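Quick note on UniProt numbering: the sequence shown kicks off at 43 and runs consecutively. Note sheet for the following structure.
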Amino acid sequence: ETGHFTYDPGFTSTGSCESKITFIDGDKGVLLYRGYPIEQLAEKSDFMEVCYLLVYGELPDRGELDKFKYRITYHTMIHEQINYFFRGFRRDSHPMAIMCGVVGALSAFYHDSTDISDPVHRFVASTRLIAKMPTIAATAYRYSMGMPFAYPRNDLSFSENFLYMMFSNPCEEYVVNPVLARAMDRILILHADHEQNASTSTVRIAGSSGANPFACIAAGIASLWGPAHGGANEAVLSMLEHIGTKDHIPEYIARAKDKNDPFRLMGFGHRVYKNFDPRARVMRQAAHDVLDELGVRDDPLLDLAMELERIALEDDYFVSKKLYPNVDFYSGIIFKAMGIPTSMFTVLFAVARTVGWVAQWNEMIEDPMQKIGRPRQLFTGSGPRDYVDIAARG
Ligand code: SDX
């Protein structure tokens, strides 16, 4: 006897919920943040303005934006004791492991922002999470490199500060490359939110029980880490490096089509998009722009990725299954050109997606009808039966 799906107001059995934040039309390849097309935001906005839009629902005026930027800037530093958590990790720990641990540890601090019934607490927790993620991410990187930790600088923009905290050397002056800062800002915009993806759903369902917001974001980081989700950007680079040259592409295309082969074309396909992921188009152009501006001609990885995309999009298997490049297909090429190590690619995704997680968490908590998430199941196990003593078992 099997069970059945029942509708749960908090989450239906498919895990869906109501939201006003991000709209996706997977068939048309449309992505809107609070109604604004991602293409326009990536071209004309900046990450701080997009953070304000996602959290508050409207584009800010100059005064609102300056006040928001000030609040974020003056929360970028982390409690000095938190630095001890990094030193408990092995130097070769994956930075996403460190992010899970350190962000989760924030739940043991900041008791003035963990009472989720208090709007002020929610506001402070949200601000701290958006502001401190780059500092924690950069510190995880510096720890893995054996470099002294860098404190944030209040005279730099969010993206400039992130690059500064990642790459500055205390023995010499560090000048932020405006090309890299602009590229970082666009990439953060493209990754900021994406409706009810696996990690956002994780944050929502963790938060639906009233759990500590910092711990909920740590749960989102854990989900994002997987290669089927945010970990795909790191896996794309590894795949391209394994393919090596264009003449090996057909072999990997064949493997991706072989149901007996677990290999999948990383950076391709999407649960929702059955057309081009609009972010992939912007990312592909950004890859060209950044490489041009950095004077990198004929980057072999970009050439290989473009050829792989061309061949896959002409292949009946990928066409019939509507598999197109997604946001992760080109992002790693840009990150690599920016000097960011592969192990940090998903960390950057987490830095960007924190605002989406925070916006979606707030939207859920503020909903007076919100209930604890409790997806149901289709039971396919054994029906009722009586206990058998071990002496009588075969
Ligand atoms: C992100 O949800 C989000 O919004 C996520 C994200 C976000 O911003 O939060 O957009 C970010 O996670 C992007 C996805 C990154 N992951 C990858 O690039 C990993 C490679 N892609 C696949 O693992 C896969 O496409 C998924 C996980 C993204 C989607 O998996 P699904 O839901 O199983 O894919 P599907 O239902 O669209 O699959 C349709 C068919 C299946 O074959 P059949 O069962 O019909 O025979 O296409 C096949 C899949 O096996 N398929 C692939 C494939 N992706 C799907 N075959 C080969 N290579 C692939 N990449």
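Just so you know, even glycine gets a beta-carbon here, dropped at the ideal spot from N, CA and C. From a predicted model like this one, the values you see are computed outputs, not experimental measurements.
Query, Result
"When you compare only the Cα positions, how much space is there between D289 and I353?", "11 Å"
"Hey, out of P367, I231 and Y116, whose CA is closest to L83's CA?", "I231"
"Report whether the distance from the Cβ of V314 to the nearest heavy atom of the ligand SDX is below 8 Å.", "yes"
"Secondary structure at D340, three-state DSSP: helix, strand or coil?", "coil"
"Shorter than 8 Å, the distance from the beta carbon of residue 18 to the closest heavy atom of the ligand SDX, or not?", "In the structure displayed, the chain extends from 43 to 436; residue 18 sits before or after that span and is not available."
"Among D235, S250, A392 and R170, which one has its Cα closest to the Cα of R113?", "R170"
"The alpha helix (DSSP H) that contains residue 35, what's its start and end?", "Missing from the structure shown is residue 35; the chain here goes from 43 to 436 and no further."
"How big is the Cα-Cα spacing for I247 and I382?", "32 Å"
"For P194, would you say it is in contact with chain D, using Cβ-to-Cβ distances shorter than 9 Å as the test?", "Of the protein chains in this structure there is only one, and it is not chain D."
"CB A234 to CB Y94, shorter than 9 Å?", "no"
"Let me know if K109 comes out buried or exposed under the rule of 16 or more other beta-carbons within 10 Å of its beta-carbon.", "exposed"
"Mind checking which residues open and close the alpha helix (DSSP H) that includes L73?", "Counting along the chain, L73 falls outside any alpha helix (DSSP H), though it belongs to the beta strand (DSSP E) covering V72 to Y75."
"Looking at C-alpha atoms only, which residue of W403, K70 and I80 is the closest neighbour of F256?", "W403"
"Tell me, which residues are paired with D67 by DSSP?", "V72"
"Have a look at the DSSP bridge pairing and note the partners of Y78.", "Y75"
"Pair every Cβ in the region 258-265 with every Cβ in the region 118-125, then say whether three or more of these pairs are closer than 8 Å.", "no"
"Can you tell which of W399, R313 and I375 has its C-alpha closest to the C-alpha of L365?", "R313"
"Thinking C-alpha only, which one of G249, F151, Y116 and L198 is nearest R224?", "L198"
"Just verifying my parser: in three-state terms, what is the DSSP assignment at P383?", "coil"
"Nearest to D160 by alpha carbon, out of L101, E408, E214 and L355?", "E408"
"On the DSSP bridge list, what partners appear for F310?", "P367"
"Can you confirm whether the region 66-81 touches the region 208-216 when touching is taken to mean that 3 or more C-beta pairs between the two stretches lie within less than 8 Å?", "no"
"If you reduce the DSSP assignment to three classes, tell me which class T242 lands in.", "helix"
"With a threshold of 8 Å (Cβ to nearest heavy atom), would R395 be considered close to the ligand SDX?", "yes"
"Note down the Cα distance separating D358 from G68, rounded to an integer number of angstroms.", "20 Å"
"Which residue's Cα is closest to the Cα of S362: K316, M189 and G436?", "K316"
"Got a sec? Which residues, its chain only, sit under 6 Å from V97 by beta carbon, not counting five neighbours each side?", "A401"
"Counting only the same chain and skipping the five closest in sequence on each side, list residues whose C-beta sits under 7 Å from that of A244.", "For the sequence presented, residue 244 should be read as Thr rather than Ala. For T244, where only same-chain residues beyond five positions count, the Cβ hits under 7 Å are A261, G262 and S265."
"When you compare the CB positions of N196 and Y116, do they come within less than 9 Å of one another, or not?", "yes"
"Starting from the C-beta of N203, find all residues in its chain whose C-beta is less than 7 Å away, skip the five residues before and the five after it, and write them out in chain order.", "T118, P176, P194 and R195"
"If I follow the unbroken alpha helix (DSSP H) through F360, where does it start and stop?", "D358 to S362"
"Find out if the Cβ-Cβ distance for the pair T287, L346 is shorter than 9 Å.", "yes"
"Hey, quick one: how far does the alpha helix (DSSP H) through A179 stretch, first residue to last?", "P161 to M187"
"Using a threshold of 8 Å, is the CB atom of R228 nearer than that to any non-hydrogen atom of the ligand SDX?", "no"
"Counting only the same chain and skipping the five closest in sequence on each side, list residues whose C-beta sits under 6 Å from that of F318.", "G71 and Y366"
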